[in-house]
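Engineer: Here's a structure for you.
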Amino acid sequence: MRNFNFKSHSQSSLSSWAYHQTKKNPEIKNFFLQAGVLLSSDWAILNRDNSRMLALLKIPNAHALVAVFHAVYRRDRRQQRFHRTNICPEPTNSQLGEMLGLLQERGIMINCPRDLMVRLRKIATLLRDYEIWGKSGSPPTESMEISNPSTGETFSREFLDPRSSNDLEQIEEQKLQELQEFCEQQLIACLEQSIEEAIDERLTTVRQSRRNGYLASQVKPGLQLLYCQGMSQREIAAQLSRNNTNKVSRTQIGRLLRPQELLSTVRFNTVNKLLERILAKANSLSLTIIESPTPDYLDNLKQQLEAFTDQRVFREAAAELQAGRYRSLNSLYAQKICSSSSRQGG
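84 is the number of the first residue of the sequence shown in our numbering; add one for each residue after it.
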């Protein structure tokens with residue numbers, strides 16, 4: 084404090100001076116480093132370029148998690164550079180939400196901002212250990228004994244081998260990775276089953292219609308012409324009228340096929356089937372985060388599955404239906420509808 088001139092500095096300058104005299108002091112930083120302490124926050128560590136150290140981590144999707152963190156956090160830091168301090172603050176809920184959206188686009192599902200925060204902190208902890216190891220020349224160490232502050236009793240610490248399959252955190256991460264791969268695999272199966280059920284439901288509805296019941300046999304041919312050949316409703320009506328004694332109007336085709344309604348039904352059923360399969364798989368894996376799912380958890384998971392299926396299937400399918408006359412139906416949804424309507428019997 085003898086080096087600080089109170090007369091020529093403001094109170095804010097005192098805090099800045101203290102910061103540079105302590106956390107920015109090379110000797111103090113080196114002293115703490117040798118003791119296994121790195122004077123950087125988790126967010127400062129994650130904000131750095133850690134590509135070389137990330138390659139050493141065996142955490143699923145670590146590269147993607149850090150990449151989206153950089154995309155959001157660094158952008159905001161650059162935009163606030165005229166007002167920011169040297170401290171890297173904890174990411175806000177808004178930033179975490181944006182990161183979750185970017186991860187969903189990559190096919191990575193994390194339930195909520197809190198879960199994302201846990202994963203980011205886990206990566207930061209490992210990066211911190213590697214950085215300490217690299218700068219101090221020795222790996223981080225922990226005391227072999229733990230003391231109970233209430234009783235004063237000491238006992239030996241049990242260490243997990245980081246290369247062992249008994250590492251519970253690593254096992255949990257492996258299970259989550261397996262669950263994510265399972266979700267990718269099951270999407271197609273759920274989509275195909277939902278399409279077949281939706282077509283059967285559409286047939287039943289038309290058969291029970293007093294006005295259009297006699298046209299029930301034209302549902303699948305109409306879907307084939309729409310999704311296999313890309314015909315407009317007017318063209319479908321003309322084609323079906325040529326093949327049948329009863330003339331079919333364009334308006335009847337719209338009521339008969341209802342492609343937008345069919346798409347909504349398939350989407351709804353696909354998400355629900357996928358949710359059921361994921362929960363069953365999670366239970367079989369004994370994942371601790373889904374042993375007793377709360378309503379909020381299920382709602383969040385369903386919203387993520389909706390975003391996931393939209394990105395993989397339904398967003399493109401909806402865009403095709405809205406494209407107008409000169410459209411090309413080449414989406415995954417269109418291909419599956421074409422295949423299913425051609426395969427099912429009358």
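Glycine included, C-beta positions come from ideal geometry on N, C-alpha and C. Predicted, not measured: the structure shown is a model, and the values here were computed from it.
Start and end of the alpha helix (DSSP H) containing Asn133?
Structural biologist: Sequence index remark: in the sequence shown, residue 133 carries index 50 (1-based). Where Asn133 is concerned, there is no enclosing alpha helix (DSSP H), given that its DSSP letter is neither H nor E.
Engineer: The alpha helix (DSSP H) with Pro342 in it runs from where to where?
Structural biologist: For the purposes of this step, residue 342 is taken as the residue at position 259 of the sequence shown. Run containing Pro342: Pro342 to Ser367, per the alpha helix (DSSP H) assignment.
Engineer: Give a yes or no on whether 9 Å exceeds the smallest Cβ distance from Gln307 to chain C.
Structural biologist: In summary, chain C is missing from the structure at hand, where a single protein chain is found.
Engineer: Give a single yes or no on whether Ser414 has its beta carbon closer than 8 Å to a heavy atom of the ligand NAD.
Structural biologist: Of ligands this structure carries none, so the ligand NAD is not represented either.
Engineer: Between Val302 and Leu323, how many whole angstroms is the CB-CB distance? I'm expecting something under 8 Å.
Structural biologist: Working through the sequence shown from its first residue, we reach residue 302 at position 219. Working through the sequence shown from its first residue, we reach residue 323 at position 240. So it is not a contact: roughly 10 Å between Cβ atoms.
Engineer: For the alpha helix (DSSP H) holding Leu308, just list the boundary residues, first then last.
Structural biologist: Along the sequence shown, read from residue 1 onward, the residue named residue 308 stands at position 225. Leu308 -> alpha helix (DSSP H) spans Val302 to Tyr310.
Engineer: Where does Arg211 land, buried or exposed, given buried means 16+ other C-beta within 10 angstroms?
Structural biologist: The residue given as residue 211 occupies position 128 in the sequence shown. Buried.
Engineer: According to DSSP, is Thr334 part of a helix, a strand, or is it coil?
Structural biologist: Your numbering for residue 334 matches position 251 in the sequence shown. Three-state DSSP puts Thr334 in a helix.
Engineer: Name the residue from Arg294, Pro172, Gly337 and Gly296 whose alpha carbon lies nearest to the alpha carbon of Leu306.
Structural biologist: As a working mapping, residue 306 is identified with position 223 in the sequence shown. The candidate whose alpha carbon is nearest that of Leu306 is Gly337.
Engineer: How big is the Cα-Cα spacing for Ser300 and Arg325?
Structural biologist: Walking along the sequence shown from the start, residue 300 turns up at place 217. Walking along the sequence shown from the start, residue 325 turns up at place 242. If I take the Cα positions, the gap works out to 15 Å.
Engineer: Is Ile193 helix, strand or coil by DSSP?
Structural biologist: For the purposes of this step, residue 193 is taken as residue 110 along the sequence shown, with counting starting at 1. Here Ile193 sits in coil by DSSP.
Engineer: What would DSSP say about His92, mapped onto helix, strand or coil?
Structural biologist: The residue given as residue 92 occupies position 9 in the sequence shown. Note that His92 scores a pLDDT of 47, beneath 50, so its modelled location is shaky; the value from the coordinates is reported in the next line. Coil.
Engineer: Just to confirm my understanding: we take Leu251, look at its own chain, exclude 5 residues before and 5 after, and list those with CB closer than 7 Å. What are they?
Structural biologist: Numbered from its first residue, the sequence shown carries residue 251 at position 168. With a pLDDT of 48 at Leu251, under the threshold of 50, the modelled position of this residue cannot be trusted, and the question is left open.
Engineer: If you count every other CB in all the chains shown that lies within 10 Å of the CB of Phe152, and 16 or more means buried, which is it?
Structural biologist: Mapped onto the sequence shown, residue 152 falls at position 69. Buried: at least 16 other Cβ atoms inside 10 Å.
Engineer: Grab me the residues of Phe397's own chain with a C-beta within less than 6 Å of its C-beta, minus the 5 sequence neighbours each way, in chain order.
Structural biologist: As a first step, residue 397 must be located in the sequence shown, where it is residue number 314. Around Phe397: Arg350.
Engineer: For Ser422 and Ser277, what's the separation of their Cα atoms in angstroms?
Structural biologist: What you label residue 422 is simply residue 339 of the sequence shown in a count that begins at 1. What you label residue 277 is simply residue 194 of the sequence shown in a count that begins at 1. In a straight line, the C-alpha of Ser422 is about 13 Å away from that of Ser277.
Engineer: Starting from Ile170 and walking both ways along the alpha helix (DSSP H), at which residues does that stretch end?
Structural biologist: If you number the sequence shown from 1, residue 170 lands on position 87. Here Ile170 belongs to no alpha helix (DSSP H), and DSSP marks it neither H nor E.
Engineer: Using only the alpha-carbon positions, how far apart do Leu298 and Gln387 sit?
Structural biologist: Within the sequence shown, numbered from 1, the residue matching residue 298 stands at position 215. Within the sequence shown, numbered from 1, the residue matching residue 387 stands at position 304. One C-alpha to the other measures close to 39 Å.
Engineer: Let me confirm a value: Lys419 is counted as buried when at least 16 other C-beta atoms fall within 10 Å, else exposed. Which label applies?
Structural biologist: As a first step, residue 419 is located in the sequence shown; it is residue number 336 there, counting from the start. With 16 or more Cβ atoms within 10 Å of its Cβ, Lys419 is classed as buried.
Engineer: Give every residue of the same chain whose Cβ lies closer than 8 Å to the Cβ of Ala118, excluding the five residues on either side of it in the sequence, and list them in chain order.
Structural biologist: As a working mapping, residue 118 is identified with position 35 in the sequence shown. Interpretation of Ala118 is limited by its pLDDT of 45, a score under 50 that renders its predicted location unreliable; the figure taken from the coordinates is listed afterwards. Nothing meets the Cβ criterion.
Engineer: Judging by CA-CA distance, which residue of Asn352, Cys195, Thr175 and Arg157 is the nearest neighbour of Glu275?
Structural biologist: Position 192 of the sequence shown, counted from the start, is the residue given in the question as residue 275. Ranking the options by Cα distance to Glu275, first place goes to Asn352.
Engineer: State the start and end residues of the unbroken alpha helix (DSSP H) segment that holds Phe152.
Structural biologist: Taking the sequence shown and counting its residues from 1, one reaches residue 152 at position 69. Note, Phe152: alpha helix (DSSP H), Ala145 to Phe152.
Engineer: Beta-carbon within less than 7 Å of Phe165's beta-carbon, same chain only, minus the 5 sequence neighbours each way: which residues are those?
Structural biologist: Locating residue 165 in the sequence shown gives position 82, where the first residue counts as 1. Only weak support exists for where Phe165 lies, its pLDDT of 49 falling under 50; the coordinates are left without a value.
Engineer: Whose C-alpha, out of Ala406, Glu403, Leu358 and Ser411, is nearest the C-alpha of Ala390?
Structural biologist: As a first step, residue 390 must be located in the sequence shown, where it is residue number 307. Among Ala406, Glu403, Leu358 and Ser411, the Cα nearest to that of Ala390 is on Leu358.
Engineer: Please state the DSSP three-state secondary structure of Gly296.
Structural biologist: Here residue 296 is taken as the residue at index 213 of the sequence shown, counted from 1. Note: Gly296 maps to helix in three-state DSSP.
Engineer: Residues in the same chain with beta-carbon distance under 6 Å from Asn413, minus the five sequence neighbours each way, listed in chain order, please.
Structural biologist: Residue 413 sits at position 330 when you count from the first residue of the sequence shown. Counting only Cβ-Cβ distances below 6 Å, and skipping sequence neighbours, we find nothing.
Engineer: Secondary structure at Gly313, three-state DSSP: helix, strand or coil?
Structural biologist: Looking up residue 313 in the sequence shown gives position 230. It is coil, neither helix nor strand.
Engineer: Would a C-beta distance cut-off of 9 Å place Leu148 and Leu203 closer than the cut-off?
Structural biologist: The count along the sequence shown starts at 1 and reaches residue 148 at position 65. The count along the sequence shown starts at 1 and reaches residue 203 at position 120. Yes, the pair counts as a contact, with Cβ atoms nearer than the cut-off.
Engineer: Use the C-beta contact count for Gln187: other C-beta atoms within 10 angstroms, 16 or more gives buried, fewer gives exposed.
Structural biologist: Against the sequence shown, residue 187 aligns to sequence position 104. That one is buried.
Engineer: Inspect the beta-carbon positions of Leu415 and Met192 and report whether they are closer than 9 Å.
Structural biologist: Counted from its first residue, the sequence shown places residue 415 at position 332. Counted from its first residue, the sequence shown places residue 192 at position 109. No; because the gap between Cβ atoms is not below 9 Å, this pair is not in contact.
Engineer: Below 8 Å on the Cβ atoms is my guess for Arg426 versus Leu270; work out the distance and round it to an integer in Å.
Structural biologist: Position 343 of the sequence shown, counted from the first residue, corresponds to residue 426. Position 187 of the sequence shown, counted from the first residue, corresponds to residue 270. Not really, about 20 Å apart at Cβ, beyond 8 Å.
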